Amino acid sequence: MPKMIKIVEMGPRDGLQNEAKIIDNHVRYELIRQLVDGGIKNVEIGSFVSPEKIPQMAQSAELITHIMEEQRSGKYNGVRFRALVPNERGMLEAIKTRIKEVAIFASSTETFSQKNINCSIDESFERFAPVMKLAKKNKIKVRGYLSTCFYCPYEGKTDPSVVFKLAARMKKLGVYELSIGDTIGAATPNEVSTVIKGLKKVLPTKAIAMHFHDTRGTAIANVLESLKLGIVTFDSSLGGLGGCPYAPGAQGNVSTEDVVYMLHGMGYKTGVDLGKLQMTNHWIGLKMEKQLPAKFSKAGFPKI
Ligand code: HMG
Ligand code: MG
11 MPKMIKIVEM
21 GPRDGLQNEA
31 KIIDNHVRYE
41 LIRQLVDGGI
51 KNVEIGSFVS
61 PEKIPQMAQS
71 AELITHIMEE
81 QRSGKYNGVR
91 FRALVPNERG
101 MLEAIKTRIK
111 EVAIFASSTE
121 TFSQKNINCS
131 IDESFERFAP
141 VMKLAKKNKI
151 KVRGYLSTCF
161 YCPYEGKTDP
171 SVVFKLAARM
181 KKLGVYELSI
191 GDTIGAATPN
201 EVSTVIKGLK
211 KVLPTKAIAM
221 HFHDTRGTAI
231 ANVLESLKLG
241 IVTFDSSLGG
251 LGGCPYAPGA
261 QGNVSTEDVV
271 YMLHGMGYKT
281 GVDLGKLQMT
291 NHWIGLKMEK
301 QLPAKFSKAG
311 FPKI
């Protein structure tokens with residue numbers, strides 16, 4: 011039986027959060043609807059963070075409340091929607107929308123932590139404790155993120171042993187899955203291999219997700235290296251949209267279409283309909299008035 015790979019779509023959150031021009035909630039909603047129609051089963055759809063810091067995510071509560079209402083009335087069967095929460099305040103907002111899954115996010119380097127979430131790494135874990143308590147009480151699943159696991163835009167190369175220690179702390183907190191971020195898209199496969207091998211001593215392989223940004227063209231090679239090491243969950247964004255405002259110059263996540271094209275060609279299953287995603291790519295490109303970096307959606311399927 012072909013192996014199933016879990017694609018976690020970042021487009022509506024990581025993909026849009028760094029866009030200068032505000033994307034209307036109707037467009038974000040339609041993007042999510044089309045992604046789900048294209049077979050995506052895991053989507054990050056917003057954040058409960060400061061609207062001054064991340065204006066694109068300011069309307070997340072309304073959008074998520076609406077999508078959760080639709081899901082309760084029978085739409086989006088089997089789809090898991092998620093939003094980022096940095097602290098108790100964000101979690102209380104998330105609970106009001108009746109979302110069933112959230113994600114906490116920490117950094118592997120102190121400077122990125124300060125710039126991104128205005129606190130030290132230790133303080134970020136203190137902020138997560140009440141979030142986890144509320145999650146348990148409200149039966150909300152929690153995913154974890156660790157940023158700058160390979161390189162930091164402010165501190166340079168990250169010591170893998172720090173990543174392993176923080177991964178163990180995330181596991182102790184109770185996250186069901188930990189996404190390992192190459193936030194500035196600088197990792198190469200040998201570095202990916204070192205980090206995954208170390209992480210496997212701390213977390214079950216199926217609880218490790220890889221989150222590659224594609225700034226230097228190494229993301230797809232890093233996905234391949236991760237696959238060889240047994241990783242079955244990858245974060246990606248439609249068209250390669252995205253970036254983090256606190257990681258200057260970083261490009262979007264590895265593109266969903268390019269990852270899925272490679273996986274299907276290698277005999278893996280994802281449940282994603284590439285033709286539909288290609289159409290969504292062209293539609294959102296028109297809305298955003300730009301061509302997205304994904305290679306598959308520019309080239310399409312080859313003649314066979
Ligand atoms: P803070 O510690 O209160 O400090 O917020 P601040 O000065 O940064 O706060 C700014 C304002 O936000 C304050 O209001 C807070 O009260 C308020 P003011 O006093 O100026 O009127 N605030 C909030 N507002 C809304 N919702 C909340 C909330 N909490 C405080 N939950 C905070 C800390 C984290 C909220 C803030 O620094 C922030 O919003 N930062 C942005 C974080 C973010 O969304 N970054 C991008 C996502 S992470 C990412 O992309 C990486 C990832 O993809 C993985 C990878 O690629 O590596 C996940
Ligand atoms: Mg990211």
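Residue numbering for the sequence shown follows my numbering, starting at 11 and increasing by one per position.
We put the beta carbon where it would ideally sit given N, CA and C, even for glycine.
This structure is a prediction, so every number in the text was calculated from the model and none was measured.
- Rounded to the nearest whole angstrom, the C-alpha separation of tryptophan 293 and lysine 305 is 16 Å.
- In the three-state scheme derived from DSSP, where H, G and I count as helix and E and B as strand, threonine 243 is classed as strand.
- For serine 307, the enclosing alpha helix (DSSP H) begins and ends at 305-309.
- Within the chosen limit of 7 Å, the ligand MG does not reach the beta carbon of asparagine 126 with any heavy atom.
- When secondary structure is reduced to three states using DSSP, arginine 179 falls in the helix class.
- Leu209 is the residue among His221, Leu209, Arg153 and Lys147 whose C-alpha sits nearest the C-alpha of serine 171.
- As the crow flies, the alpha-carbon of proline 96 is around 18 Å from that of lysine 182.
- Per the C-alpha coordinates, the member of Asn148, Gln124 and Glu136 positioned closest to valine 112 is Asn148.
- Under the three-state reduction of DSSP output, isoleucine 230 falls in the helix class.
- Here DSSP, grouped into helix, strand and coil, assigns phenylalanine 58 to coil.
- The region 115-127 and the region 80-87 do not touch, with fewer than three beta-carbon pairs separated by less than 8 Å.
- Partner residues in the beta bridge of aspartate 192, as assigned by DSSP, are Phe222.
- With distances taken between CA atoms, arginine 38 lies nearest to Thr290 out of Thr290, Ile314, Ala309 and Pro303.
- With at least 16 other beta carbons inside 10 angstroms of its own, isoleucine 50 counts as buried.
- Take the alpha-carbon of serine 157 and the one of glycine 285: they are about 32 Å apart.
- Residue pairing by DSSP leaves leucine 102 without any beta bridge partner.
- Judged by beta-carbon spacing, threonine 225 lies within the 8 Å limit of alanine 196, meaning their Cβ atoms are closer than that value.
- Beta bridge pairing from DSSP links alanine 113 with Leu94 and Arg153.
- Using a Cβ distance threshold of 8 Å, isoleucine 194 and cysteine 159 do not count as a contacting pair.
- A distance criterion of 7 Å places the beta-carbon of threonine 266 beyond contact range of the ligand MG, judged by its closest non-hydrogen atom.
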